[in-house]
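To start, the structure under review is shown below, and the notes come after it.
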Amino acid sequence: MNISLLSSNTFQIQINQKLPKIELNFAQTEQIKQDENTDRFGRKIEYYDYYAGSYGDINIVQKYGTTTQTKEEALDEFIARQTKSILGGAFYNSTFGASDIKGISESGYFFNNDYYRYGKIPQEYYLNSYANSNLIDTKFGKAELFLDLAGDNDRLGVGSFSSNSQLFRFDSDGNGFVDKNDTYFDKLKIRAYDKDGNEIIKKLSEVVDSINLKDFIDSKSNALKKLEAQKDNYGTIEAYENSLQSLKDYNPYSIFKPEVRYESMNENDIKELSKLADEDGWIDINSNLGAFNGLLGVAYAKQGVDGSYRLEELSSYPHTINFGFNNVFDTTTKEYYWRDSDKNSYQNQQYTRFMNLYNDYMSELKNRDDYINEFDDEAKAKYQNVKSSVMLSIEREFSSATGLNFTLENLQKVKDSFEKDRANTANMLKDTDALTAIRINKNGTFTLKFNSGREIIVNELYKDSGKAFDVELNLNAKFATPIELNQDIDLVVSAAKIQDKITGQIEIKSLKDLGVEIIKKLSNNKFALQTKDGKTIIIDQIYTRFMPNNQNDINLIDDKDKFYPKPLRIWV
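All the letters of the sequence shown, read from the start, carry residue numbers 90 to 661 under the numbering used here.
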């Protein structure tokens, strides 16, 4: 197999009409005899060579360019492409049944403008030398990273990291750490060398518990210095100053989820916000674009299908085009309006989009299993977990839309929830309408108004801190009963931000270290912590602390276990 072809040769099915979708009952249909010029549905196959990625059905990978491959060879090609695309941050558009994908072809659900892009990396000037290195620090020494999707130690030789910055694409839960909770953590391996130059390959999980991605982010001052060093390359002073301002405004931590970046709005924040209100108390977003622009740096707590809470970032425009397809931009008013006046439009849109996502995934799953089932038992075991790019993209979009990790059980849970209560479930998914106004109510709550006609009341708003913490907001604590609060909160990993009375510095301390015995919720959305020594500490939020990576001093590691530099090869 010629791996060099992966970056250039591609394949594509050309269709001029919408093709029927496989129904959920998956009834057996008559198989169409397939020859070398048709796919398994009897359609003529057309082939392309171009550089924009690939689009096509795994079934026709076997006739790849002018080379006919076995199914095993085709799947190796498939895995190699996928490895390269995951590392590159954009999936190739490969599938187990291109004709079955209705949601994609008709812009049918949640996919955003960069349909196959994911795992953004911070702006290049904010990446430090560690991020640009291809050696990761471990307690045994430095090692090279690689992605091993097939479990064969990257036999095809396409999984090596070009730089550590690619790790940002592996933080699937967005908390700023790559660890066991992330999708591909068990597929990441390291390659190192012992003192005799022998190669060592281990799972990443064997040498680190987690990787803190904030270690790869440079300071703003250093980022600006790096930009200034390139000043002469900008041609004009205006171009340089525009780039300078953009870099100053850029927040490298915005790639992480809001729960690790946001904090409660304090009284002063709300006072400043209220200055924007009209006589009826409404703050019109469009009239205050100087203060609000795009993502507002404001969020509220939203309950998901599983009952837990997450932060929803408010936006003055729809997050995506397809996900909020009823939003239309008016070039005159510069506002997004909702095209459908039906009061149930929003909930019906959310339902339709989700069902298209559900159906597409189930179709792909069936086609994948049908393809794999033709192998012998050994090959089945090897390829049973292979997923198409469409499947991986749907899984990511599902998590983005619902806040849940993707599993077939969770996929079915959301479907069942829609069937039970469509309106409530629609509101649990990511907002697809645009925020138009905020009102600060006399009782301290907030009313949020959206262009779809929805209005919701929330108890609290949160603001973007502009940085990322090594703790995560425990939003469930805000909504727990007093009994749940004191029974379910783990004092070891739960933490609070406390101001040091002498230095004035804000410190993060675990509730156990503070000696907390009882937690009480106050009427102003704050908490009172009662300690063993009789003190009461008032805090805004309870956080969940990420346990620090236990990296032992390398000097304490036995020499036989240490990693050494890659041996030099001297050619005579």
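Even glycine gets a Cβ: it sits at the ideal position worked out from N, Cα and C.
Same chain, Cβ closer than 7 Å to residue i, five either side skipped, listed in chain order
i, result
"N499", "L493"
"D650", "F229"
"Y426", "V417, D419 and N540"
"N530", "T536"
"K655", "Y282"
"L574", "A566, I608 and K610"
"D304", "Y219"
"K621", "G604 and E606"
"S254", "I210, L216, A220, N221 and F305"
Candidates the options, of which the one nearest residue i by Cα
i, options, result
"S554", "I483, Y435, F180 and Y351", "Y351"
"G177", "E161, K209, G186 and L316", "K209"
"F235", "F535, K292 and D298", "K292"
"D395", "V503, A584 and T592", "V503"
"E401", "P407, G393 and A388", "A388"
"K423", "E549, E348, Y440 and N375", "N375"
"G393", "I359, T491 and E327", "T491"
"F558", "T525, Y342, S222 and D522", "Y342"
"N433", "K391, D510 and E463", "D510"
"E368", "D304, N331 and R528", "R528"
"V581", "L562, T633, G533 and G593", "T633"
"K664", "E463, G604 and Y329", "What the structure shows of the chain is the stretch from 90 to 661, and residue 664 is not part of that stretch, so it cannot be assessed."
"S478", "A220, A179, A512 and A163", "A179"
"E561", "K315, N217 and F345", "F345"
"G246", "Y219, S222, M444 and K173", "K173"
"E453", "G186, I175, I168 and E162", "G186"
"M451", "T184, D579 and S254", "T184"
"D429", "R543, Y339 and K320", "R543"
"F250", "I225, N264 and I587", "I225"
"E486", "S405, D449, S294 and I626", "D449"
"P347", "E467, L403 and M444", "L403"
Residue i (DSSP reduced to helix, strand or coil)
i, result
"L277", "strand"
"K628", "Correcting the residue identity first, residue 628 is Ile in this sequence and not Lys. In this structure, I628 counts as strand in the three-state DSSP scheme."
"G177", "helix"
"T159", "coil"
"I546", "strand"
"Y144", "Its pLDDT being 42, under 50, Y144 is placed unreliably in this model, and the coordinates cannot settle the point."
"Y214", "helix"
"T668", "The question about residue 668 has no answer here: the residues shown for the chain are numbered 90 through 661."
"F535", "strand"
"S335", "helix"
"D650", "helix"
"S299", "strand"
"V387", "strand"
"T172", "helix"
"D505", "helix"
Distance between beta carbons of residue j and residue i, contact taken as under 8 Å
i, j, result
"D268", "D298", "7 Å"
"Q438", "N415", "6 Å"
"F257", "I300", "About 10 Å; that fails the 8 Å criterion."
"S599", "I631", "Contact doesn't hold; Cβ gap of about 11 Å is too wide."
"F568", "Y398", "6 Å"
"Y214", "L333", "Incorrect: roughly 11 Å between the Cβ atoms, too far for contact."
"A526", "I372", "6 Å"
Neighbourhood of residue i by C-beta distance below 6 Å, restricted to the same chain and skipping five residues each side
i, result
"S506", "V394 and T514"
"L497", "none"
"I628", "A585 and F616"
"T227", "V296 and V297"
"K601", "L580 and V581"
"F307", "Looking at the sequence provided, one finds Asp at residue 307 rather than Phe. Around D307: Y215 and N217."
"G286", "P656"
"M517", "G393 and V394"
Residues near residue i by beta carbon distance below 8 Å, same chain, minus five either side
i, result
"A512", "N433 and Q436"
Practice item. Check whether the segment 326 to 341 touches the segment 240 to 247, counting contact only when three or more Cβ pairs, one atom from each stretch, lie closer than 8 Å. Key: Put simply, the segment 326 to 341 does not touch the segment 240 to 247. Fewer than three CB pairs are less than 8 Å apart.
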